[in-house]
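Q: Please read through the structure below; I'll follow up with questions.
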Amino acid sequence: MINYYLFSAANPHNASIKDPPTSPIGTKHYEKITEYFLDTFYPKFCPTCKIQLKKKISTRDYLIRCEVCHYQASRLSYTPLHHFKLPLWVFGYVLDESYKRSPKVLTAAEIVRSIGISNKSALLLKRRIQLFASEQKESFRDLIFSQLEEEYKDFRLPEKDTESKQTQSRIQSNPIPTEIADKRNPKKILQKALKGKTLTNADTMVLYSASQRANKGRKRHKHGGCTASIYMSDKLGGKQIGTMVHTIAASNGALILDSVPDQKMNTLGPLFLKNIPSTTPIFTDSGYPWLNSVYKNHRMVNHSAHSKDKRYRWARNRWSKDGVHIQYAEGNHRVIKQAFSSYGYIKPEFSQLYLNEYCFFKNLKVFGVDALAKRGREKLGIVEVYDGPESERTEKAKNFVPTLKNEISKSEATNFVFHLAKSQNVRIVNDKLLPI
199 MINYYLFSAA
209 NPHNASIKDP
219 PTSPIGTKHY
229 EKITEYFLDT
239 FYPKFCPTCK
249 IQLKKKISTR
259 DYLIRCEVCH
269 YQASRLSYTP
279 LHHFKLPLWV
289 FGYVLDESYK
299 RSPKVLTAAE
309 IVRSIGISNK
319 SALLLKRRIQ
329 LFASEQKESF
339 RDLIFSQLEE
349 EYKDFRLPEK
359 DTESKQTQSR
369 IQSNPIPTEI
379 ADKRNPKKIL
389 QKALKGKTLT
399 NADTMVLYSA
409 SQRANKGRKR
419 HKHGGCTASI
429 YMSDKLGGKQ
439 IGTMVHTIAA
449 SNGALILDSV
459 PDQKMNTLGP
469 LFLKNIPSTT
479 PIFTDSGYPW
489 LNSVYKNHRM
499 VNHSAHSKDK
509 RYRWARNRWS
519 KDGVHIQYAE
529 GNHRVIKQAF
539 SSYGYIKPEF
549 SQLYLNEYCF
559 FKNLKVFGVD
569 ALAKRGREKL
579 GIVEVYDGPE
589 SERTEKAKNF
599 VPTLKNEISK
609 SEATNFVFHL
619 AKSQNVRIVN
629 DKLLPI
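Going by the numbering used here, the residue at position 356 of the sequence shown is 554; the numbering climbs one at a time, nothing skipped.
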């Protein structure tokens, strides 16, 4: 089920609808969104009491303190809002607006027009959201991987040759009745085996290709395929102009995008191993013949199949054959190209940040912010502990205080989120983007 609201109804930071607006934009509502975002994904802890800092200071929006010993700490340090100089509600507004617009994108020019900040500030604000999305990419990878691993545990698709009834024993789950297991109808066999399960497609596409007009009228005779359309001619230096995107799309709406330089096995192979379990059925086009060696449930459809009838050039089953298709990936390609046309152009070195932002809001509508926050807190080693008498447990079920599982030093306590696992992609340290 798709979540159409950024935060759930049980969120204590939800602003009341009855509050009268004090400005054209409900700044208090978006400020609470920013506070919830920081408290959930970047919690700060008291080094003495070992509890999360949540108490606000009325005269200082960027500080929080401990409710017991009144220890103060910055709420923005070592987060994507490090050295954030704009009001807090600005980040919440852009975050909420980007979520509502997804799969469309929110450009920096639109932020300038809606909020009234400078173009440089809008670009930096956009980059902060992209950095947060890049940090959460690994969490979404884990959620997608665990879901597919649970659905397809010890799973095996029927073989392409279904002449004998021994095919029934090869399917570990959802056994197929004998009357359906007929070689004359392989589509029904595949549909029966995958009924109620998440289907996975993989494909590649090109954004902002280097056409002849961008290549000074020169055609590329040396190279061919999609790779040739993203690089300029060798006589012009061979500079990369376009962006090649590898897509892994699921039928439930989950999406993983990676910017790749080519379509070689050594480039795309690690992406499959990182995102998809080995027992998961994968449907691709005929450009992945090497995938069968690792994924036994891999099936391909030939988009270049020619018709046996001389009157026609192409076969009518070249898009879907025996139930095998990649329409989930192709459909996402159409939406991505339309969305990224709003940017005009993106340099290849920044393409992964924009792709991570697009995937973040797309996956957030599939899994929800609660599942993402739970996954992030598990990585931080945070557990919810009930704080109150046992008799009041039923009346005050929401009275939980997050604490740390392990003891930490005073220097690590406040900025505990800075010491994350090394699986993150990027982080901000002293206003600098550092890879991990």
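Built from N, CA and C at the ideal position, the CB exists for glycine as well.
None of these values were measured; they are calculated from a predicted model.
Just list the residues that DSSP pairs Ser-457 with in beta bridges.
A: Note: Ser-457 sits in a beta bridge opposite Val-443.
Q: Would Gln-334 be called buried (16 or more neighbouring beta carbons within 10 Å of its own) or exposed?
A: Gln-334 comes out buried.
Q: Under three-state DSSP, which class holds Asn-613?
A: Bear in mind that a pLDDT of 48 at Asn-613, under 50, signals an unreliable position, so the model cannot answer this.
Q: Using only alpha-carbon positions, find the residue among Phe-243, Ala-448, Leu-578 that is nearest to Asn-530.
A: Closest option to Asn-530, Cα to Cα, is Ala-448.
Q: Ile-249: buried (16+ other C-beta within 10 angstroms of its C-beta) or exposed?
A: Ile-249 comes out buried.
Q: Considering Asn-561, what are the terminal residues of the alpha helix (DSSP H) in which it resides?
A: Start and end: 549-565.
Q: Does the segment 284-297 come close enough to the segment 312-325 that 3 or more CB-CB pairs lie under 8 Å?
A: Enough Cβ pairs lie closer than 8 Å, so yes.
Q: Have a look at Gln-658 and Val-492 and give me their C-alpha separation to the nearest angstrom.
A: Outside the modelled stretch of the chain, which goes from 199 to 634, sits residue 658, for which no answer is possible.
Q: Would you kindly check if the distance between the Cβ of Phe-235 and the Cβ of Phe-289 is under 9 Å?
A: Yes, the pair counts as a contact, with Cβ atoms nearer than the cut-off.
Q: State buried or exposed for Glu-576, treating a residue as buried only when at least 16 other CB atoms are found within 10 Å of its CB.
A: Its Cβ having fewer than 16 others within 10 Å, Glu-576 is exposed.
Q: Starting from His-496, follow the beta strand (DSSP E) in both directions and report where the run begins and ends.
A: Taken as a continuous stretch (DSSP letters only), the beta strand (DSSP E) holding His-496 covers 496-499.
Q: Here's a check: name, in chain order, each residue in its chain whose Cβ is nearer than 6 Å to the Cβ of Tyr-228, leaving out the five neighbours to either side.
A: If we look at Tyr-228 and ignore the five residues flanking it on each side, its Cβ neighbours are Trp-287, Gly-290, Tyr-291.
Q: Is Ile-262 helix, strand or coil by DSSP?
A: Of the three classes helix, strand and coil, the one that applies to Ile-262 here is strand, per DSSP.
Q: What residue range is occupied by the uninterrupted alpha helix (DSSP H) comprising Ala-320?
A: Looking at the DSSP string, the run of the alpha helix (DSSP H) that includes Ala-320 is 317-333.
Q: Measuring only the C-alpha atoms, how far is Glu-357 from Lys-494?
A: Spanning the two alpha carbons is a distance of roughly 10 Å.
Q: For chain B, check one thing: does any of its Cβ atoms lie closer than 9 Å to the Cβ of Ile-454?
A: Of the chains in the structure shown, none is chain B; there is only one protein chain.
Q: Evaluate the contact criterion for the segment 383-400 versus the segment 500-516: three or more CB pairs, one atom per stretch, below 8 Å.
A: The segment 383-400 is not in contact with the segment 500-516.
Q: So, is Arg-273 buried or exposed, given that buried needs 16 or more other C-beta atoms within 10 angstroms?
A: Counting Cβ neighbours within 10 Å, Arg-273 comes out buried, since at least 16 surround it.
Q: Going by beta carbon distance, what residues of the same chain come within less than 6 Å of Phe-565, once the five residues before and after it are set aside?
A: For Phe-565, where only same-chain residues beyond five positions count, the Cβ hits under 6 Å are Leu-341.
Q: Under a three-way DSSP split, which group does Thr-398 fall into?
A: Strand, per DSSP.
Q: Ends of the beta strand (DSSP E) at Gln-270?
A: First-last of the beta strand (DSSP E) with Gln-270: 270-272.
Q: Cα-Cα, which of Asn-473, Ile-474, Met-463 is closest to Pro-487?
A: Among Asn-473, Ile-474, Met-463, the Cα nearest to that of Pro-487 is on Met-463.
Q: Just the C-alpha distance for Asn-450 and Gln-438, rounded to the nearest angstrom, thanks.
A: Distance between the alpha carbons of Asn-450 and Gln-438 is about 34 Å.
Q: Check the C-beta distance from Val-404 over to Met-442 and give it rounded, since I have them as a contact under 8 Å.
A: Yes, they are in contact, since the Cβ atoms of Val-404 and Met-442 sit about 6 Å apart, within 8 Å.
Q: How many Å lie between Ser-457 and Thr-445 at the Cα?
A: Near 9 Å, if we compare the C-alpha coordinates of Thr-445 and Ser-457.
Q: Using three-state DSSP, classify His-504 as helix, strand or coil.
A: Three-state result, His-504: strand.
Q: Looking at the strands, I want to know which residues DSSP matches up with Tyr-429.
A: The partner list for Tyr-429 (beta bridge, DSSP) reads Gln-438.
Q: Which value, in whole angstroms, describes the spacing of the CA atoms of Val-499 and Thr-478?
A: Each residue's Cα considered, the two are about 17 Å apart.
Q: Report buried or exposed for Val-266, applying the criterion of at least 16 other Cβ atoms within 10 angstroms of its Cβ.
A: With fewer than 16 Cβ atoms within 10 Å of its Cβ, Val-266 is classed as exposed.
Q: Would you kindly check if the distance between the Cβ of Glu-547 and the Cβ of Ile-327 is under 9 Å?
A: Going by C-beta atoms, Ile-327 is not nearer than 9 Å to Glu-547.
Q: For Arg-258, collect the residues of the same chain with a Cβ closer than 8 Å to its Cβ; drop the 5 residues on either side in sequence, then sort them by chain order.
A: None.
Q: Tell me whether the beta-carbon of Asn-561 lies closer than 9 Å to the beta-carbon of Ile-480.
A: Result no, Cβ atoms of Asn-561 and Ile-480 do not sit closer than 9 Å.
Q: Can the beta-carbon of Pro-301 be found less than 9 Å from the beta-carbon of Ala-537?
A: Yes. Within cutoff.
Q: Buried or exposed: where does Leu-251 fall if 16 or more other Cβ atoms within 10 Å of its Cβ makes it buried?
A: With 16 or more other Cβ atoms within 10 Å, it is buried.
Q: Under 9 Å between the Cβ atoms of Thr-465 and Asp-401?
A: No, the Cβ-Cβ distance between Thr-465 and Asp-401 is not below 9 Å.
Q: In whole angstroms, what separates the C-alpha of Ser-256 from that of Tyr-297?
A: Cα-Cα distance, rounded: 29 Å.
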